[in-house]
Structures are given as C-alpha cells and as structure tokens.
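What follows is a short report on a single structure.
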Amino acid sequence: MDMNDIIVKKRDGGKLSEEEIRYFVSEYTAGNIPDYQASALLMAIFFRKMDEEETFLLTDAMRTSGDVVDLSEIKGIKVDKHSTGGVGDKVTLIVGPLAAAAGVPIAKMSGRGLGFTGGTIDKLESIPGFKTTLEPEEFHKQVADIGIAVIGQSGHIAPADKKLYALRDVTGTIANLSLISSSIMSKKLAAGSDAIVLDVKCGNGAFMETQEAAEELATMMCKIGNAAGKRTVAVITDMNEPLGRAVGNSLEVFEAYDTLKGIGPKDITELSLHIAGIMIYLGGKAESPEEGSVKAKEVMESGAGLAKFREMVLRQGGTLDMFDYHDSSNSIPVSDLQEDIVADRDGYVTSIAAQTIGLCSQNTGAGRKVKEDDIDPFAGILLFKKVGDEVKKGEKLATFYSSEKEKLDEAIEEAGGRENGAEGTAFVIKDEKPEKPNLIKNTIGI
Ligand code: URA
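In structure tokens form, the structure reads like this:
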C-alpha cells in the first residue's frame with residue numbers, strides 16, 4: 007500500500023477503504039509514515055471530510071492501536087462519563103461518587119488540563135497524597151470493593167490518537183467532525199466501560215461555539231458508541247460562562263465537595279443531577295433518566311455521595327484532613343497572593359467570558375502553558391457574581407489567587423485589568439438584566 011496514493015485519493019474527494027484507514031493508523035503509530043505525509047492526509051480529511059463509515063473505521067483503528075481495557079470481571083454495568091472540556095467543569099468529581107453511591111460501578115480514566123480547560127486528574131492531584139496511577143489489578147479491586155476509582159489515562163490507551171492529536175494541534179486540523187469524534191471515542195471505547203455519557207459543551211469556552219455544531223458532534227459520537235455496542239448518550243450544555251464559582255484545581259475540588267454536601271452552586275448542582283441521573287439509568291439502577299436524577303438527589307441529600315467521595319480519596323492514598331478542616335471552619339486552602347476584580351459601574355453582569363477566565367486561571371498557575379509546566383494546586387479564581395446578577399460600582403466580582411506576583415499580574419491583565427465591566431473585559435456589565443441561556447440545551451440518544 008502506498009501512502010501517497012491514499013493522500014491523493016482523499017485530496018480528490020474519494021472514500022478511503024478499511025484497508026487504507028487501518029494501514030495509515032497502524033503504520034503512522036509505528037513510526038513508518040513521516041509526519042509530513044500524515045499532515046497532508048489530515049488536511050485532505052479536514053477539507054474533503056469523511057463519511058460515517060470512514061469515521062467508524064478510523065475510530066476503531068485508533069481504539070485498537072494500544073491496550074483495550076477489559077472490565078468484564080467487575081460486576082454490573084460500568085458507566086463512563088466524558089466532557090469535551092470546559093472552564094470550572096468539576097462535574098466528574100460529583101457525578102462519579104453520586105452514581106457509585108446509587109450502585110453504578112465507576113471505573114474511570116480521566117485526563118489532564120488542556121490549554122484553558124481544566125482536567126480531572128490535575129484537580130484530584132491537588133488532594134495531598136492522592137494517587138492517580140494504579141496498577142490494573144488495584145484499579146479493578148478498588149472498583150469491586152468500593153464501587154469507584156478515578157485514575158489518569160494510561161499512555162497505552164489509543165496511542166494512535168496521542169500521536170495524531172499532537173500533529174493536529176500544530177497543523178490546523180483539530181476542528182473537523184470526524185477527527186474530533188474519532189479521537190474522543192477511540193479513547194472512550196478502549197477504556198472498557200459498557201455505557202458512556204458525553205457532556206458536549208457549546209459556546210465561547212468550548213471547541214464547538216454553536217449549539218448546532220455541538221449537536222452534530224454529539225450525534226456522530228453517539229452513533230460511533232452505539233455502533234460499537236456501548237449505549238451512548240450526549241448532553242449538550244452551555245459553556246458561555248464558567249460552571250459554578252470556582253476555577254482552579256483545589257478550589258474546584260472544594261466546590262465539588264460542597265456540591266456533594268448539597269450546598270453547591272445552582273448550575274453545577276443542576277448539571278450534576280442531570281448527568282448522574284443518566285448514568286444511573288444507563289447503569290440499570292433506574293427506569294428512566296428522570297428517576298435516575300431523583301436517586302442522585304437522594305444520595306446527595308442522604309450524604310451517601312459525599313461518603314463515597316471520601317472513601318475514594320482515602321482508598322487512593324489521599325488525606326481527608328483538609329476536608330475535615332473545611333467542614334469545621336468553612337475555609338479552603340488558597341495560594342498566598344490574592345487580588346480582587348471589581349465592577350467599574352452599576353448594572354447587571356451580562357457575560358463572563360469563559361475562555362478568558364480559563365486563560366486567567368491558567369495564568370495564575372492553575373494550568374499549564376507548556377506540557378512541562380508544574381501546576382500550582384491552590385491557584386485559580388473564585389467568582390462572586392454570575393451572569394444575571396446585579397452589581398454596584400466597586401463591588402467584588404472575583405478574587406484571583408496565585409503564589410507568584412508576576413503570574414497574578416498577568417492573570418489580571420488577561421481579565422482586562424482590576425476594574426471590569428466594559429466590553430472586552432472578562433465581566434461585561436450593562437444596564438439591562440440579560441436573558442440567561444439554558445444550561446442544559448439538549449439530550450441526544452435517550
Ligand atoms: N478532545 C479530544 O480528545 N480530541 C479532540 O480531537 C478534541 C477534544
């Protein structure tokens with residue numbers, strides 16, 4: 007088989023055969039196809055697109071390029087959850103324990119932060135001692151014993167995607183429906199769960215800016231999952247403002263903890279109960295997603311979800327000291343330096359640019375600018391106002407935390423300065439109270 011023929015075929019709008027797709031994926035992963043030829047094919051796919059059959063085959067070729075996890079020895083219907091990436095998105099930390107407390111086994115592999123979006127593994131690592139790497143036997147045993155384990159994705163899962171994603175990132179070929187959906191689903195399908203819930207974000211802080219684009223991506227991913235024999239449901243959710251009030255690793259862990267206690271922000275609570283409801287339904291512990299949400303609320307109110315979170319932290323080597331201290335004092339650990347952003351006028355908050363807040367948080371030290379950067383676990387942002395809230399001039403909109411003055415200054419600059427309100431700053435304030443968009447826009451695949 008000749009790689010040049012494959013590139014030319016796709017360049018001219020042809021449909022690639024199974025043999026050609028598998029050849030490309032396996033030979034590129036093995037290092038036998040140079041980056042310049044792989045880049046040319048990616049660009050041809052970007053412009054000429056792939057049909058559904060080609061996309062399924064590409065997903066399968068990437069899924070089988072490395073380890074495919076076998077969770078069959080764990081009893082019950084294992085349900086996975088994935089978010090396409092957001093700002094302040096700590097939902098996994100909440101829905102995992104809620105679904106596990108309702109009897110659904112959660113054997114989850116999560117990722118690290120990417121650009122301005124956070125990652126569950128970085129958040130969990132802000133808990134002193136918490137181990138995000140477990141041997142497969144330990145991982146299985148923990149799920150069998152306590153019903154939940156959350157670890158980082160092993161490097162042996164879908165290595166083809168790892169290589170192709172890095173190449174796409176530097177060749178302008180990320181934003182293609184087939185390439186994104188096969189990238190996400192190859193990893194999800196290799197991770198071993200029986201059913202998958204996808205949270206597909208849309209808006210200013212997401213890959214997909216419009217609801218239509220998010221729905222198209224969600225529909226394709228559901229088709230791929232279902233064709234592979236895993237029930238897959240996608241929820242389309244708004245990412246025009248950060249989720250909840252905390253952005254940053256430890257800050258988000260504490261917000262998740264409070265949400266499990268039943269005292270979390272309204273948006274995070276609503277989304278978590280919705281997603282946990284679908285997980286409980288797909289896991290066979292409820293007759294419908296609505297009944298699943300009722301069960302999720304019950305385990306939130308009874309404290310069983312919180313107890314499951316604490317059990318997981320202890321079992322994975324983490325300490326509960328900071329949570330116990332938080333319970334008794336209501337304080338949380340934060341980096342040494344802090345600075346407030348205040349309103350420069352009276353009015354209503356009409357937008358909080360999620361992407362800008364994500365970048366500000368990254369600047370404080372809560373995210374990485376290059377892969378090798380260390381994360382400051384206690385850096386980040388607390389928001390005191392959400393879209394639709396009334397504010398007075400001089401009132402506090404947010405507090406930024408960092409352990410380095412230079413980083414704090416950079417973060418404030420990214421937000422548009424210490425005073426916000428004008429167009430172009432992170433918080434825009436206007437005279438009219440805005441219509442707040444629905445957080446949960448659609449559910450696909452139920
Ligand atoms: N997340 C992924 O894992 N892959 C993509 O292509 C985009 C988002």
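All the letters of the sequence shown, read from the start, carry residue numbers 7 to 452 under our numbering. Beta carbons: idealized from backbone N, C-alpha and C, even for Gly. Predicted model only: the values in this text are computed from it and were never measured.
*asked:* Just to confirm before moving on: does the CB-CB distance between F406 and T431 stay below 8 Å?
replied: no
*Span separating the alpha-carbon of M245 from that of M7*: 44 Å
*Roughly how many angstroms separate the alpha carbons of F122 and G373, rounded to a whole number?*
7 Å
*Look at S116 and V156 and say whether their C-beta atoms are less than 8 Å apart.*
yes
*Touch check for the stretch 92–105 and the stretch 125–135: three-plus C-beta pairs under 8 Å?*
yes
*Return yes when at least one heavy atom of the ligand URA lies under 7 Å from the C-beta of Y171, else no.*
yes
*asked:* Helix, strand or coil, according to DSSP, for S408 in the structure here?
replied: strand
_Nearest neighbour of I154, chosen from D380, K436, E441 and K314 [CA to CA]_ = K314
*asked:* Going by DSSP, what residue range makes up the alpha helix (DSSP H) through I286?
replied: K272 to L288
*asked:* Is F213 near the ligand URA - that is, is its Cβ less than 7 Å away from at least one heavy atom of it?
replied: yes
*Of all the options A197, G94 and V74, which has the alpha carbon lying nearest to the alpha carbon of V253?*
G94
*Nonlocal neighbours in the same chain, by C-beta distance under 7 Å from F390, ignoring five residues either side*: K402, L403 and A404
_Residue range of the unbroken beta strand (DSSP E) whose run includes Y353_ = Here residue 353 is Gly; the residue named in the question, Tyr, does not match the sequence. G353 to I358 is the span of the beta strand (DSSP E), which, as asked, contains G353.
*Would A349 pass as a contact of G235 if the rule is Cβ separation under 8 Å?*
no
_Residues proximal to the ligand URA by C-beta, any heavy atom closer than 5 Å_ = I186, S189 and I190
*With a 10 Å radius around its C-beta and 16 neighbouring C-beta atoms as the bar for buried, classify A36 as buried or exposed.*
exposed
*Look at the alpha carbon of I358 and the alpha carbon of D379, and state the distance between them as a whole number of angstroms.*
27 Å
*Close-in-space but distant-in-sequence residues of the same chain around R351 (CB under 6 Å, 5 per side omitted)*: K399, G427 and I435
*asked:* Taking 8 Å as the threshold (C-beta atoms), are S78 and A164 in contact?
replied: no
*Delimiting residues of the alpha helix (DSSP H) encompassing A224*: Q217 to A233
*A421 to I347, Cα distance in whole Å?*
9 Å
*Exposure label - D205; buried when at least 16 CB within 10 Å*: buried
*Per DSSP, what kind of secondary structure is A67 in: helix, strand or coil?*
helix
*Put G368 into one of helix, strand or coil per three-state DSSP.*
Looking at the sequence itself, residue 368 is Gln, so the reference to Gly does not match. Three-state result, Q368: helix.
_Rounding to the nearest angstrom, what Cα-Cα distance links F145 and V355 in this structure?_
45 Å
*How do the stretch 410–425 and the stretch 188–201 stand: do at least 3 beta-carbon pairs fall below 8 Å, yes or no?*
no
*Taking one C-beta from the stretch 11–19 and one from the stretch 44–56 each time, how about it: are there three or more such pairs within less than 8 Å?*
yes
_Pop quiz: G268 and G283 are said to be a contact at Cβ under 8 Å. What is the actual Cβ separation, rounded to whole angstroms?_
Actually they do not touch by this definition, with Cβ atoms about 16 Å apart.
_For a test of the three-state rule: what should DSSP assign to F433, helix, strand or coil?_
strand
_Looking at D342: is its Cβ nearer than 8 Å to the Cβ of S294?_
no
_Quick check: what's the CA-CA separation for V239 versus L173?_
29 Å
_8 Å Cβ cutoff met for M285 and V75_ = no
_Assigned exposure category for Y29 - 16 Cβ within 10 Å defines buried_ = buried
*Select from K272, K87 and E131 the residue whose C-alpha is nearest the C-alpha of A197.*
K87
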